[in-house]
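Engineer: Just dropping this structure here.
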Amino acid sequence: MTRAAYARLLPTLLLALLALDLWISQLRLPETPPFQRLPEPPRIPMAPLLGLGDGEAGGRFLTLWLQGFDTQAAAELRLADLDYRKLSRWLLRADLAMRHSAYPIFLAAMIYGGIQDPAMSRAMFELVRRMFRRDPENRWYWMAMATSLAWRSSKKGNRELPLAMAADLYALAPPSAPNWARFLQLYLLRNARKEEQARTLAQRALREKRFDRKEDRLALRAFLHRLQIRTEDQRP
Amino acid sequence: MLTLFFLGEYRQKSFWGAVAAILLVCWAAGLFGGALALIEERETVLTLAAWLLRLLLVAFLVIWWVSSLARERAERFEQVLLSLPLSRFSLLAQRLAAWLAVAGAVALAAGLLLELLGAHWLFALQWTLSFVLELWLVAALALFVTNVLRGVGSGAIGVFLFYLFLRLDAYVAALARGRWTENETLDQAVSTALHGVLHLLPSLYQYANATMILHGASWALLGWQALQSGVFVLLLLLAGGFDFNRKEAAT
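Protein sequences, first through last, are from chains Z and E.
To convert, note that position 224 of the first sequence is 224 in the numbering used here; the numbers rise steadily by one, no gaps.
Numbers given in the numbering used here equal positions in the second sequence, counted from 1, plus 1000.
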């Protein structure tokens, strides 16, 4: 094409662009875009069917679908728009299919557990406790994270759930887990002003064989020492 | 010699081109899935890639094998083969041997891709062995079914549907345990009968699955799979040979 031909084409192109712009500006998006509600999980197990016999693969497809459910073609759902009862059931299905994976407990603890509504977050943390008990060896980290989240979102005088979660960690976390996770219950009891309970627990742990590694005993003694100083400081 | 002759089928660039395209698609799909995952990216990549590799490669090989037999028949090449001084059973066995060799090469390529995507070498090796055994079963099944159903479409669909059924057999068995009718005795009888039938079939859900590529498998399980595949390949070959002889004797 010659330069003159290009020059003739340019105004046409500009006009077409202008027309397109005008047309797009006329388009009206619906004010309340429709969005899909989370369905009830079917009665039959879904994961092996999705994975065509491969349950672990099916469970992973399920978690990816669930994770992306709040971003839909016409709407970005808030967590509060999700039905947490159904969500828990879906997560449990995925968890049952993926025996060794920490993905469902991660979603429950860090994504859905972070909601501001106390009842909804409580339901999610209860689910986290259930999932943690199925495989403490690989899931202690997300349980500890969820315990911290539950502690932060709970109010004074209503600390039963985070303390119960920390007790689960104390009882079930493997020796390979670091002390900050295994002894989270001690730190939380101290912060909840239940020093006597914390002291009794730490002294009992010192007698237990489960915590007979050098670093465990050192951490427990250091905790008891700091607790002693703190108690003395608080005395009038 | 004849085996090498059958291997000529796989000298075509279109065969290896299609295998390479499937590997590329699975690699890309795996990486896409990994990008979606918030944690366990490597596990997600491997699961998606392994799952897709298994499905697409089996589907492609079934279509290729069934259509290659149909092509031979259409070009009257089968009659040339039958005129050779070879027993019909040997003809069938050598054809199957060529298919098994190609299945091994394809499974090896798939295993290497998974190793490149981050799988532990031992788990990738175990997955590859298991996938080879699965492809061998499918090859024997394709040979048998193509002898019975002579059309390309019906043959390929038949083999693939039966393959999917074998993968879901444990699921079907689990469903059969539920209550479906008002009559408990009937439910029990149906469930027992179904379990009996399913016990006789190979449990393909245990072959080359995501658990194997992520966490490995016991060698005892792989030995059991080898035994299952060996028995079924032999049975299908014998049945195919019998059918082939019967048909040729009739014509």
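Using N, Cα and C, we set each Cβ at its ideal position, and we do this for glycine too.
(1) According to the neighbour-count rule (16 or more other Cβ atoms, all chains shown, within 10 Å of its Cβ), is ARG246 (chain Z) buried or exposed?
(2) Which residues in chain Z have a C-beta closer than 8 Å to the C-beta of LEU1161 (chain E)? List them in chain order.
(3) Classify TYR6 (chain Z) as buried or exposed, calling it buried when 16 or more other Cβ atoms lie within 10 Å of its own Cβ.
(4) Going by the beta-carbon positions, is the gap between GLY55 (chain Z) and ALA94 (chain Z) smaller than 7 Å?
(5) Under the assumption that LEU1137 (chain E) contacts SER1067 (chain E) (Cβ atoms under 8 Å), give the Cβ distance between them as a whole number of angstroms.
(6) Where do the N-terminal and C-terminal ends of the alpha helix (DSSP H) with ASN138 (chain Z) fall, by residue?
(7) Starting from PRO162 (chain Z), find everything on chain E with Cβ-Cβ shorter than 8 Å and list it in chain order.
(8) Can you tell me where the alpha helix (DSSP H) holding TYR187 (chain Z) begins and where it ends?
(9) Does ALA144 (chain Z) come within less than 7 Å of chain E when only Cβ atoms are used?
(10) Quick check: is the beta carbon of TYR112 (chain Z) nearer than 7 Å to any beta carbon in chain E?
(11) Considering just the uninterrupted stretch of the alpha helix (DSSP H) at THR1185 (chain E), what are its terminal residues?
(12) When the Cα atoms are used, what is the spatial distance from HIS1215 (chain E) to LEU1046 (chain E)?
(13) Would a check of beta-carbon distances place PRO41 (chain Z) closer than 7 Å to chain E?
(14) Pick from Z:ASN138, Z:ARG130 and Z:LEU82: whose alpha carbon is nearest that of TYR112 (chain Z)?
(15) Please return the same chain residues whose Cβ sits closer than 7 Å to the Cβ of LEU1222 (chain E), not counting the five positions on each side in sequence.
(16) Nearest by alpha-carbon distance to GLN185 (chain Z): which of Z:TYR141, Z:LYS209, Z:ALA198 and Z:GLN116 is it?
(17) Closer than 8 Å between beta carbons: that is the criterion. Which residues of the region 58-80 of chain Z meet it against chain E?
(18) What are the residues in the region 211-231 of chain Z lying within 7 Å of chain E by C-beta distance?
(19) Does the Cβ-Cβ distance between VAL128 (chain Z) and ALA109 (chain Z) come in under 7 Å?
(20) When the Cα atoms are used, what is the spatial distance from GLN1206 (chain E) to GLY1030 (chain E)?
(21) In chain Z, what lies closer than 7 Å to TYR1171 (chain E) by C-beta?
(22) Roughly how many whole angstroms lie between the Cα atoms of ALA219 (chain Z) and PRO104 (chain Z)?
(23) Using a Cβ-Cβ cut-off of 7 Å, state whether ASN1259 (chain E) counts as contacting chain Z.
(24) Would ASN1209 (chain E) count as contacting chain Z if we go by Cβ distances under 7 Å?
(25) State the Cα-Cα distance for the pair LEU1024 (chain E) and GLU1182 (chain E), rounded to the nearest angstrom.
(26) Just checking, does the region 116-136 of chain Z make contact with the region 166-176 of chain Z on the three C-beta pairs under 8 Å criterion?
(27) Which residues mark the beginning and the end of the alpha helix (DSSP H) in which PHE211 (chain Z) is found?
(28) Output yes or no for whether 7 Å exceeds the beta carbon distance between ALA1226 (chain E) and PHE1144 (chain E).
(29) Rounded to the nearest angstrom, what separates TRP1051 (chain E) and PHE1060 (chain E) at their Cα positions?
(30) Taking 7 Å as the cut-off, decide whether the C-beta atoms of LEU1081 (chain E) and LEU1091 (chain E) are in contact.
(31) Among the candidates E:LEU1057, E:ALA1093, E:LEU1108 and E:ALA1174, whose CA atom is the shortest distance from the CA of ALA1140 (chain E)?
(32) Classify THR71 (chain Z): buried if its beta carbon has 16 or more other beta carbons within 10 angstroms, exposed otherwise.
(33) List the residues of chain Z whose Cβ lies closer than 7 Å to the Cβ of HIS1215 (chain E), in chain order.
Structural biologist: According to the structure shown:
(1) Given that chain Z is displayed from residue 1 to residue 236, the structure contains no residue 246 (chain Z) and the question cannot be resolved.
(2) Here residue 1161 (chain E) refers to the residue found at position 161 of the second sequence. Going along chain Z, no residue has its Cβ under 8 Å from LEU1161 (chain E), so there is no contact; the nearest lies around 12 Å.
(3) Here the question's residue 6 (chain Z) lines up with position 6 in the first sequence. It is exposed - the Cβ of TYR6 (chain Z) has fewer than 16 other Cβ atoms within 10 Å.
(4) One-based indexing of the first sequence puts residue 55 (chain Z) at position 55. One-based indexing of the first sequence puts residue 94 (chain Z) at position 94. In this structure, GLY55 (chain Z) lies away from ALA94 (chain Z), with their beta-carbon atoms at least 7 Å apart.
(5) Position 137 of the second sequence, counting from 1, holds the residue named residue 1137 (chain E). Position 67 of the second sequence, counting from 1, holds the residue named residue 1067 (chain E). Contact between LEU1137 (chain E) and SER1067 (chain E) does not hold, since the beta-carbon distance rounds to 20 Å and is not under 8 Å.
(6) Here residue 138 (chain Z) is taken as the residue at index 138 of the first sequence, counted from 1. Looking at the DSSP string, the run of the alpha helix (DSSP H) that includes ASN138 (chain Z) is 136-153.
(7) By 1-based counting over the first sequence, the position of residue 162 (chain Z) is 162. Simply none; closest approach about 23 Å.
(8) Position 187 of the first sequence, counted from the first residue, corresponds to residue 187 (chain Z). For TYR187 (chain Z), the uninterrupted alpha helix (DSSP H) segment begins and ends at 184-191.
(9) Translated into positions along the first sequence, residue 144 (chain Z) becomes position 144. The beta carbon of ALA144 (chain Z) does not come within 7 Å of any beta carbon belonging to chain E, so the residue lies off that interface.
(10) Translated into the one-based positions of the first sequence, residue 112 (chain Z) becomes position 112. Under the 7 Å criterion on CB atoms, TYR112 (chain Z) is classed as non-interfacial with respect to chain E.
(11) The residue labelled residue 1185 (chain E) in the question sits at position 185 within the second sequence. Going by DSSP, THR1185 (chain E) is part of the alpha helix (DSSP H) stretching over 1184-1200.
(12) Position 215 of the second sequence, counted from the first residue, corresponds to residue 1215 (chain E). Position 46 of the second sequence, counted from the first residue, corresponds to residue 1046 (chain E). One C-alpha to the other measures close to 11 Å.
(13) Indexing the first sequence from 1 puts residue 41 (chain Z) at position 41. Output row for PRO41 (chain Z): interface = no.
(14) The count along the first sequence starts at 1 and reaches residue 112 (chain Z) at position 112. The residue with the shortest Cα to Cα distance from TYR112 (chain Z) is Z:LEU82.
(15) Here the question's residue 1222 (chain E) lines up with position 222 in the second sequence. Taken in chain order, the residues that qualify are GLN1126, LEU1129 and SER1130.
(16) Looking up residue 185 (chain Z) in the first sequence gives position 185. For the residues Z:TYR141, Z:LYS209, Z:ALA198 and Z:GLN116, the minimum Cα distance to GLN185 (chain Z) belongs to Z:ALA198.
(17) Within the region 58-80 of chain Z, the residues whose Cβ lies closer than 8 Å to some Cβ of chain E are ARG60, LEU64, GLN67 and GLY68, listed in chain order.
(18) Of all residues in the region 211-231 of chain Z, none has a C-beta nearer than 7 Å to a C-beta of chain E.
(19) On the first sequence, residue 128 (chain Z) is found 128 positions in, with the first residue counted as 1. On the first sequence, residue 109 (chain Z) is found 109 positions in, with the first residue counted as 1. A distance below 7 Å separates the beta carbons of VAL128 (chain Z) and ALA109 (chain Z).
(20) Indexing the second sequence from 1 puts residue 1206 (chain E) at position 206. Indexing the second sequence from 1 puts residue 1030 (chain E) at position 30. Here the alpha carbon of GLN1206 (chain E) sits roughly 21 Å from the alpha carbon of GLY1030 (chain E).
(21) Within the second sequence, residue 1171 (chain E) is the residue found at index 171, counting from 1. Those are PRO48, LEU49 and GLY53, listed as they occur along chain Z.
(22) Locating residue 219 (chain Z) in the first sequence gives position 219, where the first residue counts as 1. Locating residue 104 (chain Z) in the first sequence gives position 104, where the first residue counts as 1. Distance from the CA atom of ALA219 (chain Z) to the CA atom of PRO104 (chain Z), rounded to whole angstroms, is 32 Å.
(23) Beyond the ends of chain E as shown, which are 1001 and 1251, falls residue 1259 (chain E); an answer cannot be given.
(24) As a working mapping, residue 1209 (chain E) is identified with position 209 in the second sequence. Chain Z has a Cβ within less than 7 Å of the Cβ of ASN1209 (chain E).
(25) In the second sequence, residue 1024 (chain E) corresponds to position 24, counting from 1. In the second sequence, residue 1182 (chain E) corresponds to position 182, counting from 1. Cα to Cα, LEU1024 (chain E) sits roughly 51 Å from GLU1182 (chain E).
(26) When Cβ pairs closer than 8 Å are counted between the two stretches, the region 116-136 of chain Z is seen to touch the region 166-176 of chain Z, the count reaching three or more.
(27) Here residue 211 (chain Z) refers to the residue found at position 211 when the first sequence is read from its first residue. Following the DSSP letters along the chain, one finds PHE211 (chain Z) in no alpha helix (DSSP H), marked with neither H nor E.
(28) Taking the first residue of the second sequence as position 1, residue 1226 (chain E) is located at position 226. Taking the first residue of the second sequence as position 1, residue 1144 (chain E) is located at position 144. Contact: no.
(29) As a first step, residue 1051 (chain E) must be located in the second sequence, where it is residue number 51. As a first step, residue 1060 (chain E) must be located in the second sequence, where it is residue number 60. Taking the straight line from one Cα to the other gives about 14 Å.
(30) Counting from one through the second sequence, the residue named residue 1081 (chain E) turns up at place 81. Counting from one through the second sequence, the residue named residue 1091 (chain E) turns up at place 91. In this structure, LEU1091 (chain E) lies closer than 7 Å to LEU1081 (chain E) by Cβ.
(31) As a working note, residue 1140 (chain E) is residue 140 in the second sequence. Checking every option, the nearest Cα to that of ALA1140 (chain E) belongs to E:ALA1093.
(32) By 1-based counting over the first sequence, the position of residue 71 (chain Z) is 71. With fewer than 16 other Cβ atoms within 10 Å, it is exposed.
(33) Indexing the second sequence from 1 puts residue 1215 (chain E) at position 215. By Cβ distance, chain Z contributes HIS100.
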